[in-house]
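Following the working numbering, the numbering of the sequence shown begins with 2 at its first residue and continues without gaps.
Even for Gly, the Cβ is constructed at its ideal location relative to N, Cα and C.
Notes for the one structure printed next.
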Amino acid sequence: MGSTINTVAGPVSSDALGRTLMHEHVFVEYGTALQDCRPLGAAREQILSTCFEVAARVRACGVKTIVDPTTTDLGRNVPLLKAVSEHSGLNIICCTGIYSTSTYQALRLRLGGPGAIAELFIRELSQGIGESGVKAGIIKLVTGSEIDDDDHELLSACARASVATGAPIITHTEGILGPEQQKILHAEGVPLQKIIVGHSCISTNFNYHRQIVEMGSYIGFDRFGMEGGMPDEVRVQCLKKLIDAGFLDRLIVSHDSVWYWVNGPKIGSGPYKNWKPTNFFERVIPMLQYAGVSDEQIETILTDNPRRYFS
Numbered sequence: 002m003g004s005t006i007n008t009v010a011g012p013v014s015s016d017a018l019g020r021t022l023m024h025e026h027v028f029v030e031y032g033t034a035l036q037d038c039r040p041l042g043a044a045r046e047q048i049l050s051t052c053f054e055v056a057a058r059v060r061a062c063g064v065k066t067i068v069d070p071t072t073t074d075l076g077r078n079v080p081l082l083k084a085v086s087e088h089s090g091l092n093i094i095c096c097t098g099i100y101s102t103s104t105y106q107a108l109r110l111r112l113g114g115p116g117a118i119a120e121l122f123i124r125e126l127s128q129g130i131g132e133s134g135v136k137a138g139i140i141k142l143v144t145g146s147e148i149d150d151d152d153h154e155l156l157s158a159c160a161r162a163s164v165a166t167g168a169p170i171i172t173h174t175e176g177i178l179g180p181e182q183q184k185i186l187h188a189e190g191v192p193l194q195k196i197i198v199g200h201s202c203i204s205t206n207f208n209y210h211r212q213i214v215e216m217g218s219y220i221g222f223d224r225f226g227m228e229g230g231m232p233d234e235v236r237v238q239c240l241k242k243l244i245d246a247g248f249l250d251r252l253i254v255s256h257d258s259v260w261y262w263v264n265g266p267k268i269g270s271g272p273y274k275n276w277k278p279t280n281f282f283e284r285v286i287p288m289l290q291y292a293g294v295s296d297e298q299i300e301t302i303l304t305d306n307p308r309r310y311f312s
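Below, the structure is given as C-alpha cells:
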C-alpha cells in the first residue's frame with residue numbers, strides 16, 4: 002500500500018498517481034510573497050480557459066498527475082490549481098518554498114528568522130496554505146550560481162520542514178551544484194531518496210549526473226522542450242547514457258513549462274516552439290524509442306519512479 006500524498010483536491014495514495022510530470026507550472030506571475038493566491042481579476046476566465054485546454058491535452062497523453070513547484074513569489078495560486086484539477090481530473094501537487102533570495106530576506110525580516118520560515122513551510126504542509134485548506138505536498142528550494150549564506154539558511158529551513166513532515170524536496174539548480182545541495186540537505190537529516198535535483202539536464206556532464214544518482218537522489222531531466230540552450234536530442238542522449246549505466250530507477254522527466262505566464266514570453270514559436278507539457282509524449286518518446294529505450298523503461302520513468310519518490 003502506498004503513502005498518502007497531499008494534492009490540491011485532497012490526499013491520494015502514491016499508488017494512484019499514475020503517469021506523472023514532476024515539474025510543470027500552471028500559472029506564473031513574478032512578484033512578491035504578498036501576491037500569494039491573489040484574485041485573478043478581469044483575466045480570470047481567459048486564464049481558466051487556457052489552463053483547462055492545456056490540462057485536457059496533458060490528460061490525453063495519459064498523464065494523471067503533475068507536480069507544480071510554483072512558489073509564493075512566482076504567483077502560486079491555489080484556487081486556480083484547484084479549479085484546474087477539478088475540471089480536468091488531474092492530480093496537482095503544489096509546493097511550499099521560496100524562489101528568490103529577495104523574498105527569503107523579506108520573509109526572514111518579517112517573520113523573525115530562518116526558524117520561523119521553516120515553521121511556515123511546516124504549517125503549509127501539515128495544516129494548509131493560508132485559509133485555502135489545501136496542503137502543500139512538496140518543498141521547492143532554489144540556489145543560485147553558488148551557495149551563499151542565505152542559500153544555506155534556506156536549505157536548512159527546507160530540510161527542517163522535510164524532516165518534520167516527511168515531505169520530499171525538489172530543487173532548482175544553476176550550473177552543477179546538485180551534490181552541494183544534496184550534502185547540505187542530507188547533513189540536516191533529509192534522506193537522499195527524498196530529493197530531486199532539478200534542472201540537471203542543463204548539463205551534459207555524465208560524471209555530474211552519475212554523482213547525483215550514486216549519492217541516492219533522483220535526477221531531474223525536467224526541461225524537455227526548452228531548447229534555447231540545448232536541443233532535446235542531446236538530453237535524450239544523456240538520458241540514454243544514464244539508463245545504460247543502470248540508473249533507470251533514478252530518472253525523473255518533465256518540461257518546466259508554463260501554461261499561463263503573466264507578461265511572459267510567447268510560447269509556441271522560436272526557442273519556445275516545443276516548450277509545452279505534451280512535448281515528451283509527442284517528440285521525446287519517439288526519440289527514446291529510436292535510441293533503443295523500451296516502452297517498459299519509459300513507463301518506469303513516468304510512473305514507477307514518481308510513485309517510489311513519493312512513497
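Beta-carbon contacts of residue i that lie in its chain and below 7 Å, excluding the five residues immediately before and after
| i | result |
| --- | --- |
| T166 | I123, L126 and S127 |
| D151 | T102, Y105 and Q106 |
| P195 | This sequence places Lys at residue 195; Pro is not what is there. Closer than 7 Å at the Cβ level, and outside the excluded window around K195, lie S163, P169 and I170. |
| T279 | R58, V59 and C62 |
| Y100 | T72, D74, L75 and V143 |
| F322 | Because the chain here runs from 2 to 312, residue 322 falls outside it and cannot be looked at. |
Nonlocal neighbours in the same chain, by C-beta distance under 6 Å from residue i, ignoring five residues either side
| i | result |
| --- | --- |
| V79 | C38, I130, S133 and V135 |
| S15 | G3, S4, I6, R308, F311 and S312 |
| A313 | With the chain represented from 2 up to 312, any question about residue 313 goes unanswered, as that position is not in the structure. |
| L41 | I48 |
| E154 | P115 |
| R20 | G63, V64, K65, L303 and T304 |
Helix, strand or coil at residue i [DSSP, three-state]
| i | result |
| --- | --- |
| I268 | coil |
| I115 | The residue asked about is misnamed: residue 115 is Pro in this sequence, not Ile. P115: helix per DSSP, three-state reduction. |
| S14 | strand |
| N280 | helix |
| E120 | helix |
| Q290 | helix |
| E132 | coil |
| N275 | coil |
| S127 | helix |
Whole-Å CB distance - residue i paired with residue j, under 8 Å assumed
| i | j | result |
| --- | --- | --- |
| M216 | P180 | 7 Å |
| I253 | Y219 | 5 Å |
| Q212 | L249 | Rounded, the Cβ-Cβ distance is 17 Å, inconsistent with contact. |
| K277 | H256 | 7 Å |
| G226 | S258 | 7 Å |
| A160 | G190 | 6 Å |
| L121 | L156 | 15 Å between Cβ atoms; not a contact. |
| W260 | T51 | 7 Å |
| E30 | G98 | That belief does not hold up - the Cβ atoms of E30 and G98 are roughly 16 Å apart, past 8 Å. |
| I93 | V9 | 5 Å |
| L289 | V237 | 6 Å |
| V27 | L82 | 6 Å |
| L178 | I148 | 6 Å |
| V64 | L22 | 6 Å |
| K241 | A188 | Between A188 and K241 the Cβ distance is about 33 Å, and since that is not below 8 Å, they are no contact. |
Beta-ladder partner(s) of residue i, from DSSP
| i | result |
| --- | --- |
| T301 | Its beta-bridge partners do not exist; DSSP assigns none. |
| I6 | V13 |
Contacts around residue i, its chain only, beta-carbon distance under 8 Å, and the 5 residues preceding and following it disregarded
| i | result |
| --- | --- |
| F53 | V85, H88 and S89 |
| T174 | T144, Q182, V198, G199, H200, S201 and I203 |
| G265 | V29 and V259 |
Minimum length 4: unbroken alpha helix (DSSP H) runs contained in the segment 205-263: Within the segment 205-263, the complete alpha helix (DSSP H) runs of at least 4 residues are 207-216 and 233-245.
Whole beta strand (DSSP E) runs in the segment 140-206 with 3 or more residues, listed along the chain? Every unbroken stretch of the beta strand (DSSP E) spanning 3 or more residues and falling wholly within the segment 140-206 is given here in chain order: 170-173 and 196-198.
Which ranges does the alpha helix (DSSP H) cover as unbroken runs of at least 4 residues, wholly within the segment 19-106, from first to last along the chain? Qualifying alpha helix (DSSP H) stretches, in chain order: 45-61 and 79-89.
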